[in-house]
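Read in order, the letters of the sequence shown correspond to residues -17 to -1, 1 to 476 in mature numbering (1 follows the signal peptide of the UniProt record, and there is no 0).
Yeah, the Cβ is synthetic: ideal placement off N, Cα and C, and Gly gets one too.
The structure presented is a predicted model; accordingly, all values stated were derived computationally and were not measured.
Report on the structure given below.
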Amino acid sequence: MALRFCLVLALFGSVDASLRGKLHAAAGTMSAEQLRETVLQEVTAALGSGNRVTQQRLKVIEDAARPSFEAMPKNEFGNLEDAAARYVLHRLFVQRHAIHIKGLEASGMEWKNMSTSEVLQDHVPSFVLSLFEDRLKGQGLGLHELAVLAATLEHLIHDEAVARLSAVYQAHNVSEEARLDENGLQELLDTYMTIFLVGSNNFTAASVGEDRRTVVDAYPGWHDTQKFTMQVRSSVVAAQAADADFSPGNLSFRAATAVVEEIGERYGRWQDAECRDLKSLLTKIEHAGTGRVLLKDFYGSALNGNWQFSESVDYLRELGALDESDPANPAVLIPNYVNSQSNCVASSSVYSVCCIDECEALLGHLERQVAAPEASPEQLVSLVSELPSATVPAPRTLPDSLKSRMNEVASHHGGQVPLHGRLFAQWLHHAYPRECPFPHVAGKANPMTADEWAARHSVSASTPEMQRAAEAAAPVAVSQMPWTAWLSYQPER
């Protein structure tokens, strides 16, 4: 783990235990407002000077998280329970930064049963997590506490980026006190992005050279990435022209830090252009407007030059990107595939940069309009009829089959439709088949990165395997998508 991040961990471990005890004892007599202020004070004190957890930043985060927070089910205290809180945090980081905090995204059998502390224990210092657990006394997280936790994660991401930059300086044998011209800084930024893309934590000047050659050879988007970092560097330097640390021929480590911070802010959304290109390729070979690509066509495209469409059947299944409702004609789910771990292009110990889930924006619109955890089927049908996506025009008249399914969901839940249940997510998949992923029953898909899967299995299908699949007979045209396991798993709503 990055040195600076380790120092943060050490700092938290050294906080005065007696102070913790006094505050813990006092928590039982505090008002809700005093409790919130105490949590903020403790977090900011523990993070030390230069931390990014400020009142101004918290207000921005609260405003961004409020629509999702208001639309989520609350407990008796008006707060979110663990799974709901993690869901809102996940949505927040996708919306603000286009990044996925590891552990926040729902996946695997045990996700719902795990506490937020268990999910975040590898990222957030234990003392921060204990603050939330001890001070809130099992009452859940309110909007303010969510914002503090989000700001803490942002601060740790910032620290990790600075530590990575510091390691790059060391690998190039450049002192942090040195001043660089723009070409010199760009060389370091190229190294920074190389290790970011390959996810390397342990590197030397020699290994960075090898990694750079690997990235140049294996990643078609490398040259565009270089252009992106050059543009960010130029804009940051120009914006701070009056600051001596940002003089183009005399750039300080502080200037370099500002550049990598801005790269982190912009990179997630910038790289999503590749994801839209990927989606466009898949849509061209889509089967009958279903948001699916037959496996035969998926592998046929790979054999014709689109090498990225070569994941093995087992890996596609593990990713939750394979529809096998018709065993004779397996198909790749376009939104599930585009948003899968196999298409993440960069990672750190805290987060991954993956494709932006287009369904998030659609659901976000519905959350803002409804401002409640559930809505009537009539309201949702009306809202969706007026809501366009990248591939679905609006206004439109929804087919009777969709209206009927919406009413089924409502009758299953006392006349209302929960916005965040699996059934409504499946309904959205049918309403927007190219944008909204099909939601699998918990535990059916356990997404792994390509590296994690490759440690035990083959990531790619062999050429003979792809050829056999590509030569399969084409199925009879379908009139509509299957409603897989509809209403069959009641505990997930």
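Output needed for Leu278: all residues of its chain with C-beta closer than 7 angstroms, excluding positions within five of it in sequence on either side, in chain order. Answer for Leu278: Pro313, Ala314, Val315, Ala452, listed in chain order.
With a threshold of 6 angstroms on Cβ separation, who are the neighbours of Tyr320 within its own chain once the five nearest residues in sequence on each side are excluded? Ala304
Taking the continuous beta strand (DSSP E) assigned at Ala314, which residues delimit it? 314 to 316
Whole-angstrom distance between Leu124 and Cys418, CA atom to CA atom: It should be pointed out that residue 418 corresponds to Glu in this sequence rather than to Cys. Each residue's alpha carbon lies about 30 angstroms from the other.
Sequence-distant residues of the same chain with beta carbon closer than 6 angstroms to Val375, five excluded per side: Tyr415
What residue from His412, Ser325, Ala201, Ile178 has the CA that sits closest to Val191's CA? Ile178
Buried or exposed by the 16-neighbour rule on C-beta atoms within 10 Å, applied to Pro50: buried
Determine the closest residue to His395 out of Phe292, Phe407, Phe52, with distance taken between C-alpha atoms. Phe407
Using the three-state DSSP reduction, which class does Asn166 fall into: helix, strand or coil? Residue state, collapsed to three classes: helix.
Measure the CB-CB distance between Ala457 and Val296 and report whether it falls below 8 angstroms. no
What are the boundary residues of the beta strand (DSSP E) that includes Tyr282? No beta strand (DSSP E) contains Tyr282, which is instead part of the alpha helix (DSSP H) from 278 to 286.
Can you tell which of Thr266, Asn390, Asn326 has the C-alpha that lies nearest to the C-alpha of Asp255? Among Thr266, Asn390, Asn326, the Cα nearest to that of Asp255 is on Asn326.
Who are Ala225's beta bridge partners in DSSP? In the DSSP output, where bridge partners are listed per residue, Ala225 has none listed.
Per DSSP, which residues does Arg275 bridge with? Please list them. Leu316
Looking at C-beta atoms only, is the number of pairs between the segment 211 to 220 and the segment 136 to 149 that lie closer than 8 angstroms three or more? The segment 211 to 220, when compared against the segment 136 to 149, does not touch it at the 8 angstroms Cβ threshold.
Threshold first: 3 residues or longer. Then list the beta strand (DSSP E) segments lying entirely within the segment 288 to 371, N to C. When DSSP assignments are scanned along the segment 288 to 371, the uninterrupted stretches of beta strand (DSSP E) that are 3 or more residues long and fall wholly within it turn out to be 314 to 316, 334 to 336.
Taking just the CA atoms, how far does Ser284 sit from Ala134? If I take the Cα positions, the gap works out to 43 angstroms.
Helix, strand or coil at His396 according to DSSP, with G and I counted as helix: coil
Is there contact here, the segment 146 to 154 with the segment 214 to 234, by at least three beta-carbon pairs under 8 angstroms? no
Closest Cα partner of Asp383 within the set Ala373, His413, Gln352, Gln38: His413
Kindly list the residues whose CB is nearer than 8 angstroms to the CB of Ser359, restricted to its own chain and excluding five residues on each side of it in sequence; keep chain order. Listed in chain order, the non-local C-beta contacts of Ser359 below 8 angstroms within the same chain comprise Ala393, Gly398, Gln399, Val400, local neighbours out to five positions each way being set aside.
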